[in-house]
Amino acid sequence: MKLSDYIAEDRVILDADVESPADVLKQMCNAMECCGTVCAAGDLYRKVQEREELGSTGIGEGVAVPHIHTEANSMAVAVLITRNPIDFDAIDGKPCRLFFLVVSPDERRAEYLQLMATVSTLIQHSELREQLLEARDAKEVIKAIVEAEEKAACSTR
Amino acid sequence: MTKRILLLVSGSPESKRAAELVIPLARALNSQIIAFHVVDVSVARRMRHASGKHEHEILVELEETGWKYLYLVEEMAKDEGVRIVLQQMEGFPENKIIEAAKKFSADIVAIPISSKRGAAMDVGKFVGRAFRELERPILIV
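Chains as they are written, first to last, in my numbering: chain P, 1 to 157; chain V, 158 to 298.
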């Protein structure tokens, strides 16, 4: 499974001028609505927010992977990179700048779990995190992810 | 009140069984679960010799499997309305479980040990060290 198969340029938000976790999640949910992954950004935001209330999805090193399975039309990932670090109550206490929202239809739970594992593993590479933070447009974000995947694939051959 | 339960999640189906026992406990105690997986470097070294793969490659595979089980346990907790956060570290489980319990101020430490796994490791040494160094309840599941 490749993360790049689930990301599209219209779901990549760069230099987001946001001030709170709620702002982050709302922007990403709006992106999911705009690209047709879900019908209503408001409903998606409410469900993602409910999930966050059970515990932050900040996985450390400035990265958070909010996620939800819901009445989605497809499985998709939105990427948001903030201009300034946001306190996301991550487990390591570090503020976050890199956010990956994973949305999946309810009936694809096995793939959903695998996709989150794929995202969480890939983003452990500090080189990729640095490239994403320095990316100037959505194309560069996707290119960095594709290159990291290729590098990972080469090391496992 | 018990506030935090550190649940060691292994990259195997026994994690699910352990979670089935610990999640109701967390709900009853109104506690948060810290689901915790260790990418076991000693396993990677053993597998390297057996498989011929590079150690880094095996570590990445173990890490991805670990995340998968962590998210599975998270799903189970979420379905029961139990608060949960996930954490993964790389090292030796017997060291990292102690480090994590202290770092996250866990009130209870839950360690799943199957009979199969128990036969393959020095359970007494592992658990005994945890009892000595953690000074808090340890639940073997």
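Note that the Cβ used here is the ideal one computed from N, Cα and C, for glycine as well.
List the endpoints of the continuous alpha helix (DSSP H) containing residue i.
i, result
"P/S120", "R109 to L122"
"V/A192", "Here V/A192 belongs to no alpha helix (DSSP H); instead the beta strand (DSSP E) covers Q189 to D197."
"V/A234", "E212 to D236"
"P/C34", "P21 to C34"
"V/R161", "Careful: V/R161 lies outside any alpha helix (DSSP H), inside the beta strand (DSSP E) at R161 to L165."
"P/L132", "S126 to E134"
Quick one: list the residues of chain P neighbouring residue i, beta-carbon separation under 8 Å, in chain order.
i, result
"V/L163", "Correct list: empty, because the minimum Cβ distance to chain P is about 12 Å."
What are the boundary residues of the beta strand (DSSP E) that residue i is part of?
i, result
"V/E247", "I241 to G248"
"V/I180", "First-last for V/I180: E171 to A185, but that is the alpha helix (DSSP H), not the beta strand (DSSP E)."
"P/G60", "G58 to G60"
"P/L14", "V12 to A16"
"V/A267", "I265 to I268"
"V/L296", "I295 to I297"
Using the beta-carbon count (16 or more within 10 Å), is residue i buried or exposed?
i, result
"V/A267", "buried"
"V/P181", "exposed"
"V/L178", "exposed"
"P/P85", "exposed"
"P/D10", "exposed"
"V/F288", "exposed"
"P/A135", "buried"
"P/C96", "buried"
"P/Y87", "Correcting the residue identity first, residue 87 of chain P is Asp in this sequence and not Tyr. Answer is exposed; the Cβ neighbour count stays below 16."
"P/G42", "exposed"
"P/S20", "exposed"
"V/S262", "exposed"
"P/S120", "buried"
Can you pull the chain V residues whose beta carbon is under 7 Å from the beta carbon of residue i, in chain order?
i, result
"P/S120", "W224"
"P/G55", "Q189, R240, I241 and V242"
"P/I59", "L243"
"P/A114", "Residue identity differs from the one stated: residue 114 of chain P is Gln in this sequence, not Ala. Residues of chain V passing the Cβ test: K225."
Is it the case that the CB of residue i approaches a heavy atom of the ligand GDP more closely than 7 Å?
i, result
"V/E232", "For the ligand GDP, the structure offers nothing, since it holds no ligand at all."
Note down, in chain order, every chain V residue with its Cβ under 9 Å from the Cβ of residue i.
i, result
"P/Q117", "The amino acid occupying residue 117 of chain P in the given sequence is Ala; Gln does not appear at that position. In chain order: E220, E221, T222, G223, W224, K225, Y226, L227 and Y228."
"P/I91", "I191, V242, L243, Q244 and F261"
Applying a beta-carbon distance threshold of less than 8 Å, which residues of chain V neighbour residue i?
i, result
"P/R51", "K235"
- prompt: In chain order, what residues of the stretch 219-234 of chain V put their CB closer than 9 Å to some CB of chain P?
  reply: For the stretch 219-234 of chain V, the set of positions with a beta-carbon nearer than 9 Å to some beta-carbon of chain P reads E220, E221, T222, G223, W224, K225, Y226, L227, Y228, L229, E231, E232 and A234 in chain order.
field: the stretch 22-37 of chain P: positions lying closer than 8 Å to chain V by Cβ
entry: So nothing in the stretch comes that close.
task: Output the residue ranges of the beta strand (DSSP E) runs that lie fully inside the stretch 37-101 of chain P and measure 3 residues or longer, sorted by chain position.
output: Listed in chain order, the complete beta strand (DSSP E) runs (minimum 3 residues) inside the stretch 37-101 of chain P are 58-60, 67-70 and 76-86.
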